[in-house]
Amino acid sequence: MLIFAMPVVQERCEVQTKGKGTYEITRQIQETIDKSKINSGTVTIFVQHTSCSLTMMENAAPAARRDVERFFEQLVPENADYEHDDEGSDDMPSHIRMVLTRTNETVPIVDGKLQLGIWQGIFLFEHRRDPHRRKVTLTIIGE
Amino acid sequence: MLIFAMPVVQERCEVQTKGKGTYEITRQIQETIDKSKINSGTVTIFVQHTSCSLTMMENAAPAARRDVERFFEQLVPENADYEHDDEGSDDMPSHIRMVLTRTNETVPIVDGKLQLGIWQGIFLFEHRRDPHRRKVTLTIIGE
Amino acid sequence: MLIFAMPVVQERCEVQTKGKGTYEITRQIQETIDKSKINSGTVTIFVQHTSCSLTMMENAAPAARRDVERFFEQLVPENADYEHDDEGSDDMPSHIRMVLTRTNETVPIVDGKLQLGIWQGIFLFEHRRDPHRRKVTLTIIGE
């Protein structure tokens with residue numbers, strides 16, 4: 004008899020934010036990969052929200068991240084004349100910033116490691132002013 | 004001797020649009036997952052077009068979706084001075100709006116269900132004025 | 004006796020750019036799929052950089068691509084007042100343009116072929132002025 008467990012590993016985790024900004028989550032993802040024992044494949048990161056998102060970003064220069072955050076403040080301002088404005092002035096811009104970035108990213112795993120470039124990090128992009136506890140699902144598929 | 008067939012289920016489906024706007028396709032995707040019997044893994048949704056796209060979005064407030072649609076009308080206007088303008092004034096903005104959103108989304112499946120947040124829906128974003136029949140491919144990988 | 008060939012194939016390749024612009028990489032990806040013998044599944048394309056990105060785009064009309072490139076030049080100008088400006092005026096706009104497009108795309112494989120629409124191509128979007136040798140990882144998962 005053969006029992007074959009298909010190599011899919013899923014883990015739900017949470018990311019605490021302090022309000023608007025980018026929060027690196029690369030290390031948590033790598034730790035989940037380490038535990039999974041999967042050596043070669045992909046990890047799909049997914050946020051279960053419509054007012055925060057995911058983005059890859061330069062992980063060395065905090066000024067570069069501040070420029071990204073400022074760009075989105077200007078491109079999708081809080082004070083535009085939104086029809087949907089009953090949940091606060093930062094609500095509708097959050098949805099649009101989410102649409103312009105991503106809810107899921109899929110990153111290769113090679114030799115048990117996230118196959119990132121030296122300056123690449125994976126960030127949760129919080130678009131609301133208040134702190135939030137954000138749910139993230141990791142799905143690792145491979146061998 | 005055992006030959007193990009990897010659990011990949013693919014289905015092509017079509018989405019009829021009535022012109023510009025966002026069309027929720029979450030239920031059709033869930034129905035395909037139900038038929039696939041895959042319990043744990045991911046589904047990759049892919050549109051085979053360059054003038055419509057995919058986005059996750061708030062699925063409760065239609066006003067929020069109208070704000071998103073209006074934002075893209077303003078950010079990528081029809082009346083800009085495009086070089087490629089021989090297929091109508093809504094053609095080139097369609098391509099740019101597609102580039103700014105997504106052609107593919109990968110969503111986790113947990114316990115046979117799309118692992119979405121309570122307000123999250125998956126939408127086809129039609130960028131052309133005329134109705135179109137859009138081709139979508141679903142690829143479910145898991146166990 | 005058990006014969007189990009796990010269906011994950013990974014390949015790293017490089018794309019030489021001549022500076023800013025979009026470079027089609029569809030054929031290279033298809034060739035890697037051909038070699039992998041995987042018939043049904045997905046390929047995840049991933050660039051290991053934060054100053055170039057990936058996008059799907061119309062592959063027939065070069066004017067359409069020039070319009071996309073021009074749009075990003077205007078939306079994310081070089082001469083904005085960026086805080087992070089020590090690596091040249093094209094550096095910070097590169098990061099923002101990457102954030103607005105993608106670092107990874109996942110495309111279905113059906114009958115051994117990329118399941119693209121007739122006008123769809125996969126492009127590396129170079130955001131820096133100088134030529135670069137860009138690292139791309141392909142992960143093919145399927146059966």
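Protein chains in written order, with this note's numbering: chain S, 4 to 146; chain P, 4 to 146; chain F, 4 to 146. Where is the CB? At the ideal position from N, CA and C, for every residue including glycine.
task = Put S3/F into one of helix, strand or coil per three-state DSSP.
result = Coverage of chain F is limited to positions 4 through 146, which leaves residue 3/F absent and any answer about it impossible.
query = For G44/S, is the classification buried or exposed, using 16 other Cβ atoms within 10 angstroms of its Cβ as the cut-off for buried?
reply = Counting Cβ neighbours within 10 Å, G44/S comes out buried, since at least 16 surround it.
message = With distance defined between alpha-carbon atoms, name the residue in I112/S, N107/S, T104/S nearest to I41/S.
response = I112/S
request  = Check each residue of the region 23-49 of chain F: if its Cβ is closer than 8 Å to any Cβ of chain S, include it; give the result in chain order.
outcome  = T47, F49
ask   = Quick one: does K138/S have its CB under 8 Å from some CB of chain P?
value = K138/S counts as touching chain P.
inquiry  = I'd like the list of long-range same chain contacts for T35/S, defined as Cβ closer than 6 Å, with 5 residues on each side in sequence excluded.
reply    = Around T35/S, the same chain offers E14, L141 as residues with beta carbons nearer than 6 Å, after the five sequence neighbours per side are excluded.
ask   = Taking the C-alpha atoms as reference points, what is the distance between K21/F and A67/S?
value = 25 Å
ask   = So what does K38/S bridge to, in DSSP terms?
value = DSSP output for K38/S lists no bridge partner at all.
request  = May I ask which residues mark the beginning and end of the alpha helix (DSSP H) holding V102/S?
outcome  = 94-103
query = Name the chain S residues whose beta carbon is nearer than 9 Å to that of V110/F?
reply = Going along chain S, no residue has its Cβ under 9 Å from V110/F, so there is no contact; the nearest lies around 11 Å.
query = Whose Cβ in chain F lies nearer than 8 Å to the Cβ of D70/S?
reply = Y85, E86, H87, M95, H98, I99
ask   = What three-state label does DSSP hand I32/P in the structure shown?
value = helix
Close-in-space but distant-in-sequence residues of the same chain around M101/F (CB under 6 Å, 5 per side omitted) = T53, S56.
query = Is it right to say E76/P is buried, meaning 16 or more other beta carbons lie within 10 angstroms of its own, or is it exposed?
reply = exposed
request  = Pair every Cβ in the region 133-140 of chain F with every Cβ in the region 105-121 of chain S, then say whether three or more of these pairs are closer than 8 Å.
outcome  = Yes: the two stretches touch, three or more of their Cβ pairs being nearer than 8 Å.
task = Go through its chain and collect everything with a Cβ distance to D94/F's Cβ below 8 Å, but skip five positions before and after it.
result = S54, H87, D88, R131
task = Check the DSSP bridge columns for E146/P and list the partner residues they point to.
result = Residue pairing by DSSP places E146/P opposite no residue, since no beta bridge is assigned to it.
ask   = If we count the other Cβ atoms within 10 Å of its Cβ and call it buried at 16 or more, is G145/P buried or exposed?
value = buried
query = In the structure shown, what three-state DSSP assignment does E86/S receive?
reply = coil
query = Are the beta-carbon atoms of V46/S and I32/S separated by less than 8 Å?
reply = yes
request  = Excluding the 5 residues preceding and the 5 following T58/F in the sequence, name in chain order all residues of the same chain whose CB lies nearer than 6 Å to its CB.
outcome  = Closer than 6 Å at Cβ, skipping near neighbours: T104, F126, F128.
inquiry  = Quick check: what's the CA-CA separation for D133/P versus D37/S?
reply    = 50 Å
query = Sorted by chain position, which residues of the same chain lie with C-beta nearer than 8 Å to P80/S's C-beta, five sequence neighbours on each side aside?
reply = P96
inquiry  = Would G124/S and E27/S be called neighbours here (beta carbons separated by less than 8 Å)?
reply    = yes
task = Using a cut-off of 9 Å between C-beta atoms, extract the partners of R104/S located in chain F.
result = At residue 104/S the sequence reads Thr, which differs from the Arg that was named. The contacting residues are V102, L103.
ask   = Distance, Cα to Cα, E90/S vs C16/F?
value = 47 Å
ask   = So what's V71/F in DSSP terms, helix, strand or just coil?
value = DSSP, read as helix, strand or coil, puts V71/F in helix.
task = Rounded to whole angstroms, what's the CA-CA distance from G115/S to S39/S? Just pull it up for me.
result = 9 Å
task = Would you mind sorting N82/F into buried or exposed? The rule is 16 or more other CB atoms within 10 Å of its CB.
result = exposed
task = State the DSSP-derived secondary structure class of E81/F, mapped to helix, strand or coil.
result = coil
key: Pick from H98/P, E61/P, P10/P, W122/P that is closest to E61/F, judged by C-alpha positions   = H98/P
request  = Report buried or exposed for P65/S, applying the criterion of at least 16 other Cβ atoms within 10 angstroms of its Cβ.
outcome  = exposed
key: Closer than 8 Å to chain F by CB, Q77/P   = no
ask   = Between H169/P and G24/P, what straight-line distance do the alpha-carbon atoms span, to the nearest angstrom?
value = In the structure as shown, chain P begins at 4 and stops at 146. Residue 169/P is therefore absent and cannot be evaluated.
request  = List the whole-angstrom C-beta distance separating T106/F from V71/F, where the pair is believed to meet the contact cut-off of C-beta under 8 Å.
outcome  = Their Cβ separation, rounded to whole angstroms, is 17 Å, which puts T106/F and V71/F out of contact at 8 Å.
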